[in-house]
Ligand code: ADP
């Protein structure tokens, strides 16, 4: 439990107002300490599995219980790459939460971003047996950080491809709607249970089917995407039906006078 550092408040004099603001500060500090404690616990939990997999194999190899093979080394290599990705994602998240990510904003056409990102992902989609289509007929200008918004769309596309079985479709839309720029990624994939929808942006949250699949995900992609979109004055929404598909929609302020 926490040490209660609050001071008693009484009366309506200056001293009691001072005590009240002191208490608010103390509570804010405790909340942020609690958040840090939870973050460290979450990170430890997430890193433990790949690390103990690695250790198990390395011990097996040195004991001679496990036969060295190319396949084994490839999977060990993948475990280390996953840990690297978790750390990289955590660093981006930590910087963003501290307001230190340092966005470089400039006029940016989301239609162009959608087209070029889709091109970059088309080979992976084709390999997974998916068709990837873009509908972005007209320019959609926003004031944004090209690299970071590309990362957002990249995360959404990677997920759409990951969580859709062969034969499915992924559709990217970019358009202006009233005063808003809209970027959406729709897939005909496994979907997300309605009871889980509110958790998709939580760090390290992954649906059980996703955990079981060897997808190489970190559970941080959507947390980062949410953060970047919010830092651009926008919002990101999800709608989904299990076994039917999922749509993530990003709304950003439209750049006016362009
Ligand atoms: P991950 O690295 O696991 O993909 P994310 O933060 O990007 O982490 O996503 C969190 C979880 O949300 C995923 O593990 C998956 O369970 C679910 N999810 C995300 N995108 C989709 C999607 N397009 N279809 C179905 N489930 C999804």
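In the UniProt record's numbering, the protein residues as written are 320 to 577. Glycine included, each C-beta is placed from N, C-alpha and C at the ideal position.
Which residues share a DSSP beta bridge with residue i?
i, result
"residue 505", "490 and 566"
"residue 302", "One cannot answer for residue 302 here, as it falls past the ends of the chain, which runs 320 to 577."
"residue 463", "425"
"residue 548", "Residue 548 is not bridged to any residue."
"residue 454", "492"
"residue 500", "495 and 571"
With a CB to CB cut of under 6 Å and the five nearest residues on each side skipped, what residues in its chain are close to residue i?
i, result
"residue 558", "566"
"residue 355", "none"
"residue 465", "427"
"residue 540", "474"
"residue 369", "398, 401 and 402"
"residue 391", "none"
"residue 563", "510"
"residue 500", "429, 459, 461, 571 and 573"
"residue 666", "Residue 666 lies beyond the residue range present for the chain, which begins at 320 and ends at 577; the question has no answer from this structure."
"residue 666", "Look at the range of the chain in this structure, 320 to 577, and you will see that residue 666 is not part of it."
"residue 556", "568"
Within its chain, find whatever has a CB closer than 7 Å to the CB of residue i; leave out the 5 residues flanking it on each side and keep chain order.
i, result
"residue 380", "387"
"residue 430", "455, 457, 458, 459 and 493"
"residue 414", "420"
"residue 440", "451, 476 and 480"
"residue 406", "none"
"residue 471", "544, 547, 548 and 569"
"residue 443", "480"
"residue 345", "324 and 325"
"residue 554", "548 and 570"
"residue 423", "464"
Since residue i and residue j should fall inside the 8 Å C-beta cutoff, what is the C-beta to C-beta distance between them, to a whole number of angstroms?
i, j, result
"residue 502", "residue 569", "4 Å"
"residue 552", "residue 481", "Actually they are not in contact, since the Cβ atoms of residue 552 and residue 481 sit about 28 Å apart, beyond 8 Å."
"residue 449", "residue 487", "5 Å"
"residue 468", "residue 516", "Contact doesn't hold; Cβ gap of about 23 Å is too wide."
"residue 506", "residue 519", "Wrong, their Cβ atoms sit about 14 Å apart, outside the cutoff."
"residue 526", "residue 485", "Wrong, their Cβ atoms sit about 19 Å apart, outside the cutoff."
"residue 376", "residue 395", "6 Å"
Residues in its own chain within less than 8 Å of residue i by CB, not counting five upstream and five downstream?
i, result
"residue 577", "With a pLDDT of 48 at residue 577, under the threshold of 50, the modelled position of this residue cannot be trusted, and the question is left open."
"residue 326", "338, 341 and 342"
"residue 361", "522 and 523"
"residue 412", "522, 539, 542, 543 and 546"
The ligand ADP and residue i: does the residue's C-beta get closer than 7 Å to at least one heavy atom of that ligand?
i, result
"residue 438", "no"
"residue 526", "yes"
"residue 405", "no"
"residue 509", "yes"
"residue 541", "yes"
"residue 450", "no"
"residue 347", "no"
"residue 615", "The question about residue 615 has no answer, for the chain in this structure spans 320 to 577."
"residue 362", "no"
"residue 481", "yes"
"residue 565", "yes"
"residue 382", "no"
"residue 537", "yes"
"residue 293", "A question about residue 293 goes unanswered here, because the residues of the chain that appear run from 320 up to 577."
"residue 519", "yes"
"residue 478", "yes"
Can you name the start and end residues of the beta strand (DSSP E) that residue i belongs to?
i, result
"residue 346", "Note, residue 346: premise wrong, no beta strand (DSSP E); alpha helix (DSSP H) at 333–382."
"residue 557", "554–560"
Which residue marks the beginning of the alpha helix (DSSP H) containing residue i, and which one marks its end?
i, result
"residue 415", "389–416"
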